[in-house]
Each structure stands twice: as structure tokens, then as C-alpha cells.
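In my numbering, the protein residues as written are 26 to 199.
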């Protein structure tokens, strides 16, 4: 299946198993079903596809608890799609709420991630912005935002649309 509503994926493998499909099927039985994530048993392991990177954190934590050091979690990857032989990449909408003392750092970080500012609200107590950016530039954003804001900022990321790419990506995940 294409799962175009799930623009990010992550592969989980069992280090000690030559039979990754068996591990993946076993892991799928223990994970909670969700409309925000899809699981596939593949020859390479358990492929988890999700609405955004944050959604993958729950299943990844459950797998770590169950398999401990035997689990190999590859980094999240963008899922590009192809239409009529042309590559398309996911564009995400980002909402960030933080206190004013971190505002400049948050804005600068998003600008460095090729984000386009859509809306900005600044008050004495809170700053909120909406922006859009390519998913490839937002991977790891939650951790970085937590560091920038000393864990005080809140964020949400959702898929908005896919746009054509000029050049094919280095690796295809679709």
C-alpha cells in the first residue's frame, strides 16, 4: 500500500534474528493499533509508517521495552511518493508555542529548516507561530526545539500536501 497520509517511516529490526519477518509479525501483535501509524512486516523488519515523527515515539518506546538491546531502530526517514514518474515530497505545517525569551531562537531555527512563516502571534506571555516546511528538514525537530526552549515549548506537526521535487531524493522510501 502507498500510505500517502503517512509521510514518515522507521524500520525496527531484531539484531539477533536472521528471520526479520517473524520478528516483525510478533512485534505487530504487541503494538497498539492506531489510525496515526501503520505497521508492515517486511523482509527487513518491522516498517512503521506514521502521520509524523512524534507518533513513532510511542511504538519505538514499546519495542525498546520489550526487546531492549536486541532492538535496532533505524532513524526516521521521509517517504517520498512518485506520480507520473516524478518525485513528490511532503510539506508539513508546524505550530509552535513558546515563551518570548526563546522566540528569536525558535524562529531562527525554523528559518534554517527552510520554513515559511504563515502566521505569528506574540503576546507578553506566549508566542505562537504557524509555518510550513519540507519534512526532510523537520526530522529531529522535537528534540531540537526541546533544547532551544529548555523543554518548555509545545509543537505540533501535520501533513499539509505533497509538492513536486526538482531532483529525485537520494533514497526512495515510497
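Each residue gets a CB set at the ideal place from its N, CA and C atoms; glycine is no exception. Please read all numbers here as calculations on a predicted model, not as lab measurements.
- Contact annotation: the region 169 to 179 does not touch the region 90 to 105, with fewer than three C-beta pairs closer than 8 Å.
- One alpha carbon belongs to residue 143, the other to residue 155, and they sit about 5 Å apart.
- The beta-carbon distance between residue 194 and residue 111, rounded to whole angstroms, is 12 Å. This is too long to meet the 8 Å contact definition.
- In the three-state scheme derived from DSSP, where H, G and I count as helix and E and B as strand, residue 59 is classed as strand.
- In this chain, the beta strand (DSSP E) harbouring residue 188 covers 179 to 189.
- Taking C-alpha positions only, residue 141 is separated from residue 34 by approximately 24 Å.
- The three-state reading of DSSP puts residue 105 in coil, since its state is none of H, G, I, E or B.
- Counting only the Cα atoms, residue 114 lies some 26 Å from residue 153.
- Proximity to residue 127 across 137, 105, 150, 138 peaks at 150, based on C-alpha coordinates.
- With fewer than 16 other CB atoms across the displayed protein chains lying within 10 angstroms of its CB, residue 176 is exposed.
- Residue 164 is positioned such that its CB atom lies no closer than 8 Å to that of residue 30.
- A direct Cα-Cα distance of roughly 11 Å separates residue 56 from residue 81.
- Assignment of residue 35 by DSSP, reduced to helix, strand and coil, places it in the strand class.
- Its chain contains 160, 161 as the residues whose beta carbon lies nearer than 6 Å to that of residue 103, once the 5 sequence neighbours on both sides are disregarded; these appear in chain order.
- Membership of residue 85 in any beta strand (DSSP E) is not indicated; the residue belongs instead to the alpha helix (DSSP H) covering 82 to 92.
- Check the Cα spacing between residue 125 and each of 74, 65, 178: the tightest is with 178.
- The residue among 51, 157, 70, 121 with its C-alpha nearest the C-alpha of residue 45 is 70.
- At a Cβ-Cβ threshold of 8 Å, residue 63 and residue 49 do not count as neighbours.
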